[in-house]
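Colleague:
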Amino acid sequence: MELFNEAITWVNSIVWSNVLVVICLVAGIYFSARLKFPQIRMFKEMIRLLLKADPNSQSGITPFQAFATTVGSRVGMGSVAGVATGIYFGGPGAVFWMWVLGLLGAGTALMESTLAQAYKTKINGEYIGGPALFIERGLGIKVYAVLFALATILGPGILMPGLHANSVASTFQRSFGTSMIAGGIILCVFLAVVVFGGVKRIGEFSEKAAPIMCLIYMLMAIGIVVIYYKNIPGVIGTIISSAFGQNAVYGGILGSAIAWGVKRGVYSTEAGQGSGAIVSAAAEVSHPAKQGLVQALSVYIVSFVVCTSTAVILLLSNSYNVLNETTGQMITEYLPGSQYGVGWTQDILESTYGSLLGGKLFAIIIVLFVFTSLIGYEYQAESNVNYLFKGKKAAVWLIRGIFILSTFSGVLVNADIIWTMGDTGAGLMTWLNIFAVALLSKKAFAIFKDYEKQKKQGLDPVFHPEQFGIDDSEGIWKVNQESEEK
5 MELFNEAITW VNSIVWSNVL VVICLVAGIY FSARLKFPQI RMFKEMIRLL
55 LKADPNSQSG ITPFQAFATT VGSRVGMGSV AGVATGIYFG GPGAVFWMWV
105 LGLLGAGTAL MESTLAQAYK TKINGEYIGG PALFIERGLG IKVYAVLFAL
155 ATILGPGILM PGLHANSVAS TFQRSFGTSM IAGGIILCVF LAVVVFGGVK
205 RIGEFSEKAA PIMCLIYMLM AIGIVVIYYK NIPGVIGTII SSAFGQNAVY
255 GGILGSAIAW GVKRGVYSTE AGQGSGAIVS AAAEVSHPAK QGLVQALSVY
305 IVSFVVCTST AVILLLSNSY NVLNETTGQM ITEYLPGSQY GVGWTQDILE
355 STYGSLLGGK LFAIIIVLFV FTSLIGYEYQ AESNVNYLFK GKKAAVWLIR
405 GIFILSTFSG VLVNADIIWT MGDTGAGLMT WLNIFAVALL SKKAFAIFKD
455 YEKQKKQGLD PVFHPEQFGI DDSEGIWKVN QESEEK
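For the sequence shown, the residue numbers in the working numbering are 5 to 490.
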């Protein structure tokens with residue numbers, strides 16, 4: 005087992021080298037600049053598209069359901085335990101770099117989701133798409149597409165689910181006294197009920213759960229702000245000084261702040277990873293850029309609402325201190341009995357709000373976070389199984405079963421190695437996806453420009469794939485064109 009742990013750790017160090025950190029930042033800057041930062045100048049349009057989207061969909065899920073499913077999959081342990089881990093290893097400055105990645109990542113999410121919509125297809129009467137499809141159809145490199153599909157099955161389907169099961173089981177163990185095994189069984193039973201219902205049931209559950217859980221968690225964070233408001237100036241100063249190594253205490257971990265901030269930013273927002281694009285392709289819209297803008301908004305929700313809520317809880321409550329008095333070494337202090345993952349956040353909330361609101365209510369929120377995250381993961385893996393096996397029911401049912409078992413395995417394995425496995429899965433997808441988006445960026449820029457052109461003409465934009473050299477022999481976009489003609 006020790007040899008396995010060492011092997012996984014070594015692979016993760018290769019996958020998540022500083023090269024990938026730099027690539028994620030540079031890609032976000034390039035995409036955002038070429039699009040003239042639509043995540044800022046078109047923020048109102050993002051809101052409008054989300055609120056006025058067609059609530060019905062015959063062949064897929066609604067834009068809001070795709071948004072909620074993506075938010076659900078992004079708002080998992082990466083937004084709670086992931087942020088805590090980033091602060092623990094990278095210092096408070098990691099929060100700043102998470103924000104940077106969130107802002108730039110919104111541009112990357114827009115690009116990959118627009119491409120996923122443009123190249124989507126239909127299997128068994130439902131839309132599927134994502135990097136595997138736009139790599140094969142847009143770049144014409146089948147082997148590359150298959151590699152991404154396999155990485156997605158391996159990542160969200162096998163390596164990443166266990167982390168979430170471990171976190172929810174340990175949280176329930178602390179709050180309700182249930183055993184890890186019992187918590188894992190209960191989670192997997194409810195999970196099976198939803199995922200075996202297919203993408204429609206996944207979308208319907210997510211659109212109800214995601215807004216509620218984000219709102220409650222944000223209110224908890226606002227309470228921390230009210231209670232510890234005097235600490236706000238000091239915390240903001242600490243985040244900035246740590247982010248740029250201006251404070252001597254944090255100078256030695258400047259590189260760690262950037263690396264952990266970007267790493268956890270990618271893990272929590274999934275921008276650049278390609279997973280959000282997979283869910284995005286399932287939505288029914290009249291123009292690919294519509295869902296691209298909606299998905300950019302989902303990155304904002306995760307980065308600036310949920311991740312920031314976790315950072316507020318951890319830093320404003322004075323539970324984090326760095327001492328550098330004699331040895332010059334960084335020593336992180338936090339509440340007694342905490343771990344640097346979800347337990348750290350839970351201890352702070354319990355000490356602030358009591359065991360009922362801070363402990364048990366938080367445990368329920370974590371369950372919702374984990375549950376929506378897991379059903380998003382399952383859909384990502386299942387979509388790529390559909391791509392590889394052309395919608396064969398046996399293959400779909402098999403991956404659903406493997407996914408449930410992989411989730412349950414998380415309560416049996418060491419939490420540290422699960423984090424490493426999850427990071428590795430996300431990193432592999434990011435490497436494969438980010439280059440594909442860059443290679444197809446010219447096409448994505450043109451599609452987005454077409455959307456803006458039609459908007460300026462006072463039209464409700466409709467996509468004409470033939471104008472961009474995209475084959476639509478299946479007639480996926482013909483319904484929208486016929487409506488336009490009428």
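Glycine included, C-beta positions come from ideal geometry on N, C-alpha and C.
Values in this document were obtained by computation on a predicted structure and should not be read as measured data.
Return the chain-ordered list of same chain residues with a C-beta closer than 8 Å to the C-beta of V346, the five sequence neighbours on each side being excluded.
Modeller: Hits under 8 Å: M81, V84, A85, A88, S171, S174, T175 and I370.
Colleague: Going by C-alpha distance, which of D427, I379 and V389 is nearest I408?
Modeller: The candidate whose alpha carbon is nearest that of I408 is I379.
Colleague: Considering only the alpha carbon of each residue, which of T182, V283 and S321 lies closest to Y131?
Modeller: That would be V283, whose Cα lies nearest to the Cα of Y131.
Colleague: Taking its Cβ as the centre, do 16 or more other Cβ atoms sit within 10 Å of A450, making it buried, or is it exposed?
Modeller: The residue in question, A450, is exposed, as its Cβ has fewer than 16 Cβ neighbours within 10 Å.
Colleague: Here's the rule: buried if 16 or more other CB atoms are within 10 angstroms of the residue's CB, otherwise exposed. What is D454?
Modeller: With 16 or more Cβ atoms within 10 Å of its Cβ, D454 is classed as buried.
Colleague: Below 8 Å, how does it come out for the region 297-305 and the region 97-115: are there three or more Cβ pairs, yes or no?
Modeller: Because the criterion of three Cβ pairs below 8 Å is met, the region 297-305 and the region 97-115 touch.
Colleague: Would you list the one or two residues that DSSP bridges to I127?
Modeller: Beta-bridge pairing links I127 to E130.
Colleague: Is the region 176-194 touching the region 461-470, taking contact as three or more C-beta pairs under 8 Å?
Modeller: Touching, no.
Colleague: How long is the line joining the alpha carbons of F152 and L444, rounded to whole angstroms?
Modeller: Taking the straight line from one Cα to the other gives about 15 Å.
Colleague: How should P237 be labelled, buried or exposed, when 16 other C-beta atoms within 10 angstroms of its C-beta is the threshold for buried?
Modeller: Label assigned to P237: exposed.
Colleague: Can you check DSSP and say which residues form a bridge with A430?
Modeller: In the DSSP output, where bridge partners are listed per residue, A430 has none listed.
Colleague: I'd like the list of long-range same chain contacts for S342, defined as Cβ closer than 6 Å, with 5 residues on each side in sequence excluded.
Modeller: For S342, the predicted structure reports a pLDDT of 41, less than 50, and the residue's modelled location is therefore unreliable. The matter cannot be settled from this model.
Colleague: Do P292 and S117 come within 9 Å of each other at the CB atom, strictly closer than that value?
Modeller: In contact: S117 and P292 (Cβ atoms closer than 9 Å).
Colleague: Using only the alpha-carbon positions, how far apart do G296 and G479 sit?
Modeller: C-alpha separation (whole angstroms): 21 Å.
Colleague: In the DSSP assignment, the alpha helix (DSSP H) including E470 goes from what residue to what residue?
Modeller: No alpha helix (DSSP H) contains E470, which DSSP labels as neither H nor E.
Colleague: What three-state label does DSSP hand F275 in the structure shown?
Modeller: The sequence shown places Ala at residue 275, not Phe. DSSP places A275 in coil when its eight states are reduced to three.
Colleague: Alpha carbon to alpha carbon, what distance is there between L137 and G188?
Modeller: Roughly 34 Å between the two C-alpha positions.
Colleague: When we look at the beta-carbon of I438 and count the other beta-carbons within 10 Å, is it buried (16 or more) or exposed?
Modeller: I438 is buried by the Cβ-count criterion.
Colleague: Under 7 Å Cβ to Cβ from F200, same chain only, skipping five residues before and after it: list those, please.
Modeller: Correct list, in chain order: R404.
Colleague: Sorted by chain position, which residues of the same chain lie with C-beta nearer than 8 Å to L158's C-beta, five sequence neighbours on each side aside?
Modeller: Taken in chain order, the residues that qualify are G429 and L432.
Colleague: Looking only at its own chain, which residues have a Cβ that is under 7 Å from the Cβ of S387, when we skip the five neighbours before and after it?
Modeller: These residues qualify, in order along the chain: I132, G134 and I282.
Colleague: Mind reading off the beta-carbon distance from S321 to Y232? Whole number of angstroms is fine, and I expect it under 8 Å.
Modeller: With 8 Å as the limit, S321 and Y232 qualify as a contact, their Cβ atoms being about 6 Å apart.
Colleague: Determine whether the beta carbon atoms of V374 and F71 lie at a separation below 9 Å.
Modeller: Taking 9 Å as the Cβ cut-off, V374 and F71 do not qualify as a contacting pair.
Colleague: Quick check on this structure: which residue in I33, W14 and V15 has the alpha carbon closest to the alpha carbon of G276?
Modeller: For G276, the nearest C-alpha among the options comes from I33.
Colleague: Just to confirm my understanding: we take A448, look at its own chain, exclude 5 residues before and 5 after, and list those with CB closer than 6 Å. What are they?
Modeller: Result list for A448: M115, T118 and L119, in chain order.
Colleague: Taking A442 as the reference, which of L143, T66, Y92 and L55 has the closest Cα?
Modeller: Checking every option, the nearest Cα to that of A442 belongs to L143.
Colleague: How long is the line joining the alpha carbons of L24 and M425, rounded to whole angstroms?
Modeller: Looking at the two C-alpha atoms, the distance is approximately 17 Å.
Colleague: Looking only at its chain, what residues have a beta carbon closer than 8 Å to the beta carbon of M1, apart from the 5 residues adjacent to it on each side?
Modeller: The chain is shown from 5 up to 490; residue 1 falls before or after that span and cannot be answered.
Colleague: Please list, in chain order, all residues of the same chain as Q461 whose beta carbon is under 7 Å from its beta carbon, the five residues on each side excluded.
Modeller: Correct list: empty, nothing qualifies.
Colleague: Can you list, in chain order, the residues of its chain whose CB lies under 6 Å from that of Q43, leaving out five sequence neighbours each side?
Modeller: If we look at Q43 and ignore the five residues flanking it on each side, its Cβ neighbours are A110, G111 and A300.
Colleague: Excluding sequence positions up to five away, which residues of its chain have a Cβ less than 7 Å from the Cβ of I27?
Modeller: So the qualifying residues of the chain are I438.
Colleague: How big is the Cα-Cα spacing for I226 and S355?
Modeller: Cα-Cα distance, rounded: 16 Å.
Colleague: Ends of the alpha helix (DSSP H) at T182?
Modeller: No alpha helix (DSSP H) contains T182, which DSSP labels as neither H nor E.
Colleague: CB-CB under 7 Å to V316, same chain, minus the five flanking residues each way: which ones, in chain order?
Modeller: Contacts found: A225, I228 and V229.
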